[in-house]
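Here's the structure, in structure tokens; my notes come after.
In the numbering used here, the protein residues as written are 740 to 1272.
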């Protein structure tokens, strides 16, 4: 098979043609051009398009051709088919060819793996040593970057299908990684055939990312990929066959905007004994139970009323975000058990906790006074709490409890979500006097970032608490919200008077792309100045 060709027209009697020119009369079997990238027509007549159409199948449809050119006796190259991507020149210098030809095979293989698959295919024209070397690369990645949206969607879809078909047809060797991320192929029946082909390849990493139209129902043969270590699906419907016993080697599982019965997902998780990394996003379920003894990373995002972590003793990173609906809000109001202890008490090795949207609200359900709670998170080093409602004492208590119950905590990030009017009405001075009087601290906390701070009294008391209980604190940055209560300078003046357990504590107040410093350090704004306590 050829990767590039020059097609000659009529020649003078007895004239010899170069060996890389195929005469018009010899194009009888077009299968020799199955992966052709560039066609250069030499001294052909104006009837070329008609002559092409006379060939069956049509050259433009059958071949994977990127460029068609006519060369007319010194005139400029003229494109006759409107399908330009790249022009691969037929002529190359001897020196250039020698450089590529002399590369060791292992270097060639490394280069091919790093190239986009379309560019890897094109390397066949570099030299005989490169020809079809791409057919043995173990990683095949097809994404939308390789099919730019410069043509109608139907044309892009046809090109993508034809290209993937031919790559799989010519590939000769193991395929360890396969990624398909082309949205316009949603509901494409060819995907079933590709997955069936891959089921015979002992593939280890499989990714299928489709667009946001209807779900693609993955074929049952996907569940026969017993060598899988990585599986990522987007906009897919899962229905394992009755014979499915799990993925015995799977370590990484990501399901985004996918669909299945809730018990199927729970069974899938529990039937992957080596699972270490699990992401489930855009999921709608009344509850979910996770049982995975080797799980180290878990991210959940969706509509959950209840979350149960039953057998996750090795979990080190937990990130959960909830979508709040009227049904979920009503359920949380009726719940009396302490969600915080229900989830976190069984995570002895937790190092990073990210409470995304509404998860702090979820943890605050059934919250007891935090100084009455038992439990220490000795390994927790990084804590992120989003949308903390500082008008709610229970949400404040969740934050305080996690800070002082984590002796190894080094980084804290909090974003506020305060209803200013309600927060002012709910301020309880006695509550804060009791918190400040408690003998507790966060001995290793060094960095605190607070954003969307409105300046309500509960927020200021929280900042005061952290400054007073963090003897190792180095930097605290505060970024006010667009609805800051009294204005930045009023908040800054109050911050100046807060006592600090750390003599090195540096407080940065950021507003309007400026940085205002408080404490014993210099800052730069419009001009240099120093603010001292």
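Heads up, the beta-carbon is just placed ideally off N, CA and C, and yes, glycines get one too.
Please report the Cβ distance between residue i and residue j, rounded to the nearest whole angstrom; I am assuming they are in contact, meaning their Cβ atoms lie under 8 Å.
i, j, result
"residue 1173", "residue 1216", "Not a contact, Cβ separation roughly 28 Å."
"residue 945", "residue 964", "6 Å"
"residue 881", "residue 842", "In fact, because the Cβ distance is near 26 Å, the residues do not count as touching under 8 Å."
"residue 1282", "residue 1130", "Given a span of 740 to 1272 for the chain in the structure shown, any question on residue 1282 remains unanswerable."
"residue 1202", "residue 1218", "Rounded, the Cβ-Cβ distance is 12 Å, inconsistent with contact."
"residue 909", "residue 874", "5 Å"
"residue 1003", "residue 1046", "Incorrect: roughly 18 Å between the Cβ atoms, too far for contact."
"residue 942", "residue 914", "6 Å"
"residue 1120", "residue 1160", "Wrong, their Cβ atoms sit about 36 Å apart, outside the cutoff."
"residue 1138", "residue 1182", "About 17 Å separates the two Cβ atoms, so there is no contact after all."
Taking the beta strand (DSSP E) that residue i belongs to, which residues open and close that run?
i, result
"residue 1045", "1045-1050"
"residue 1214", "1214-1219"
"residue 1022", "1016-1023"
"residue 920", "916-920"
"residue 970", "969-973"
"residue 1079", "Not the beta strand (DSSP E): residue 1079 falls in the alpha helix (DSSP H), residues 1078-1083."
"residue 992", "991-995"
Could you check which residue in the options has the C-alpha nearest to that of residue i?
i, options, result
"residue 1186", "1122, 1170, 1235 and 1238", "1122"
"residue 903", "891, 931, 1089 and 997", "931"
"residue 1043", "876, 1051 and 1062", "1062"
"residue 1114", "990, 1145, 988 and 894", "1145"
"residue 724", "1014, 1078, 1072 and 1064", "It is not possible to answer for residue 724, since the shown part of the chain is limited to 740 through 1272."
"residue 1214", "846, 1221 and 1239", "1239"
"residue 934", "1195, 1234 and 916", "916"
"residue 1017", "1099, 1092, 848 and 1057", "1057"
"residue 849", "876, 867 and 840", "876"
"residue 1086", "1030, 1107, 996 and 994", "1030"
"residue 1074", "1149, 885, 1099 and 1104", "1104"
"residue 1059", "1049, 1040, 1072 and 1047", "1040"
"residue 994", "1007, 986 and 972", "972"
"residue 1101", "1090, 1108 and 1072", "1072"
"residue 854", "866, 868, 884 and 1047", "884"
"residue 890", "871, 923 and 861", "923"
"residue 987", "925, 1169, 970 and 1204", "970"
"residue 952", "1065, 851, 998 and 992", "998"
"residue 1200", "906, 1171 and 1220", "1171"
"residue 1207", "1188, 1179, 1233 and 1230", "1179"
"residue 856", "886, 838 and 865", "886"
"residue 892", "925, 977 and 1092", "925"
"residue 840", "1235, 1076 and 867", "867"
Could you tell me which residues DSSP puts in a beta bridge with residue i?
i, result
"residue 1121", "1091 and 1150"
"residue 1060", "1040"
"residue 1028", "1047"
"residue 1127", "1155"
"residue 1192", "1219"
"residue 948", "973"
"residue 1187", "1151 and 1215"
"residue 940", "Answer is none; residue 940 lacks a bridge partner."
"residue 955", "975"
"residue 998", "976"
Can you give me the start and stop residues for the alpha helix (DSSP H) that residue i sits inside?
i, result
"residue 1132", "1132-1143"
"residue 932", "929-937"
"residue 1175", "1168-1176"
"residue 1101", "1098-1102"
"residue 1070", "1065-1073"
"residue 1202", "1196-1207"
"residue 844", "844-853"
"residue 680", "Not covered by the structure: residue 680. The range shown for the chain is 740 to 1272."
Quick one: is residue i near chain B, going by C-beta distance under 7 Å?
i, result
"residue 843", "No chain B is part of this structure, which consists of one protein chain only."
- Query: Of all the alpha helix (DSSP H) runs that stay within the bounds of the region 856-914, which reach a length of 4 or more residues?
  - Reply: The region 856-914 contains these whole alpha helix (DSSP H) runs: 856-861 and 892-909.
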